[in-house]
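Engineer: Reading the sequence shown from the start, the letters are residues 0 to 275 in numbering that gives the first Met the number 0. All residues carry an ideal CB built from backbone N, CA and C; glycine is no exception. Got a structure here, written out as structure tokens. Questions coming.
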Amino acid sequence: MVAPRVRYATAMFAVAAALLIGACSKQEMSADSAATAADAGGADSPAAPPVAGGVNRNGSLLAYEHQVQLRLPADKIAGNLAKVREACMGQGLGQCNVLNENLSAGESPSGSLQVRAEPKVVPALVKLAAVGGEISQRSTTAEDLADAVRDNGLRTMRLKLQHQKLSEIVARRDIKVEDLIALTDRLSQLETELQSAEQEAAQQQRRIQTNLLTLSFNSSNITVQSSEISQSIRGLGGMLDSSTAAIITLLGALLPVILLLGVAWFVIRRVRRKRA
Numbered sequence: 000m001v002a003p004r005v006r007y008a009t010a011m012f013a014v015a016a017a018l019l020i021g022a023c024s025k026q027e028m029s030a031d032s033a034a035t036a037a038d039a040g041g042a043d044s045p046a047a048p049p050v051a052g053g054v055n056r057n058g059s060l061l062a063y064e065h066q067v068q069l070r071l072p073a074d075k076i077a078g079n080l081a082k083v084r085e086a087c088m089g090q091g092l093g094q095c096n097v098l099n100e101n102l103s104a105g106e107s108p109s110g111s112l113q114v115r116a117e118p119k120v121v122p123a124l125v126k127l128a129a130v131g132g133e134i135s136q137r138s139t140t141a142e143d144l145a146d147a148v149r150d151n152g153l154r155t156m157r158l159k160l161q162h163q164k165l166s167e168i169v170a171r172r173d174i175k176v177e178d179l180i181a182l183t184d185r186l187s188q189l190e191t192e193l194q195s196a197e198q199e200a201a202q203q204q205r206r207i208q209t210n211l212l213t214l215s216f217n218s219s220n221i222t223v224q225s226s227e228i229s230q231s232i233r234g235l236g237g238m239l240d241s242s243t244a245a246i247i248t249l250l251g252a253l254l255p256v257i258l259l260l261g262v263a264w265f266v267i268r269r270v271r272r273k274r275a
């Protein structure tokens with residue numbers, strides 16, 4: 000009785016092992032197929048379209064922002080960033096101001112440049128930044144400032160009206176000294192608030208008339224390496240899932256056999272003790 004059950008357990012173990020090997024092989028084939036498809040897609044995928052500056056039309060009050068990521072050889076990042084900065088500061092292309100600049104060297108060089116420029120300047124700066132490389136990703140967003148401009152305009156009109164009325168009262172000759180002091184303090188507060196409203200209006204017009212452009216420079220070598228690492232991690236996760244499932248199946252198949260072997264061993268041991 001024991002020998003057939005042992006042979007059955009051995010057979011079940013062999014089947015479970017075959018399932019485990021098959022799952023791992025299938026996962027490896029899937030990972031290879033995915034990598035091949037990704038390589039083919041990368042080779043056939045078209046380059047990102049050029050970035051056009053955002054221009055307001057038909058009375059719209061939109062503030063445009065552009066995010067552009069570029070892949071370049073490591074030795075071209077610093078040079079391209081410097082050329083874009085010089086082109087912006089030189090004002091030869093149009094109104095442009097550098098707002099922020101970052102550059103890191105080492106094994107994984109990268110850089111970023113943020114500028115505010117006229118819409119017509121944006122395509123030229125992006126084209127200059129991508130020389131020797133490619134645009135890997137780009138996005139354009141627009142914030143509608145119509146409500147903010149209207150509210151600030153109404154606030155400015157209200158402050159100017161209050162300032163005018165108080166100025167007329169202060170100019171009167173029959174005003175008391177204590178009233179004059181209080182009105183003068185209030186006029187000072189109104190002038191401060193009016194100056195803040197005018198500065199906000201100027202900032203809003205600056206955002207409407209110009210575009211915010213952020214250029215991110217990354218090494219193409221680092222991008223490829225990161226992609227390979229990501230694919231390896233995804234493949235490893237799939238293999239672990241398949242292996243865990245196969246182990247659970249194996250344990251489920253062997254558990255009844257183990258229990259039967261335990262019972263048989265207990266019975267045989269008792270029989271031997273009685274004979275002894």
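Would you mind working out which of 69, 82, 142, 137 sits nearest residue 204, comparing C-alpha positions?
Structural biologist: Among 69, 82, 142, 137, the Cα nearest to that of residue 204 is on 142.
Engineer: Whose C-alpha, out of 86, 91, 185, is nearest the C-alpha of residue 128?
Structural biologist: That would be 86, whose Cα lies nearest to the Cα of residue 128.
Engineer: With a threshold of 16 other CB atoms inside 10 Å of the CB of residue 116, please say whether the residue is buried or exposed.
Structural biologist: So residue 116 counts as buried.
Engineer: Here's the rule I'm using: 16 or more other beta-carbon atoms within 10 Å means buried, otherwise exposed. How should residue 134 be labelled?
Structural biologist: Buried: at least 16 other Cβ atoms inside 10 Å.
Engineer: Within this structure, are the beta carbons of residue 83 and residue 239 separated by less than 8 Å?
Structural biologist: No, the Cβ-Cβ distance between residue 83 and residue 239 is not below 8 Å.
Engineer: Considering Cα atoms alone, identify which of 200, 209, 110, 75 is closest to residue 65.
Structural biologist: Out of 200, 209, 110, 75, 209 has the C-alpha closest to the C-alpha of residue 65.
Engineer: Can you look up residue 59 in the DSSP assignment and give me helix, strand or coil?
Structural biologist: Here residue 59 sits in coil by DSSP.
Engineer: Are there 16 or more other CB atoms within 10 angstroms of the CB of residue 79, so buried, or fewer, so exposed?
Structural biologist: That one is buried.
Engineer: Which term fits residue 216, buried or exposed, when burial requires 16 or more other beta carbons within 10 angstroms of its beta carbon?
Structural biologist: Counting Cβ neighbours within 10 Å, residue 216 comes out buried, since at least 16 surround it.
Engineer: On the DSSP bridge assignment, give the partners of residue 95 in chain order.
Structural biologist: In the DSSP output, where bridge partners are listed per residue, residue 95 has 116.
Engineer: Using DSSP with H/G/I as helix, E/B as strand and the rest coil, what is residue 209?
Structural biologist: Residue 209: coil per DSSP, three-state reduction.
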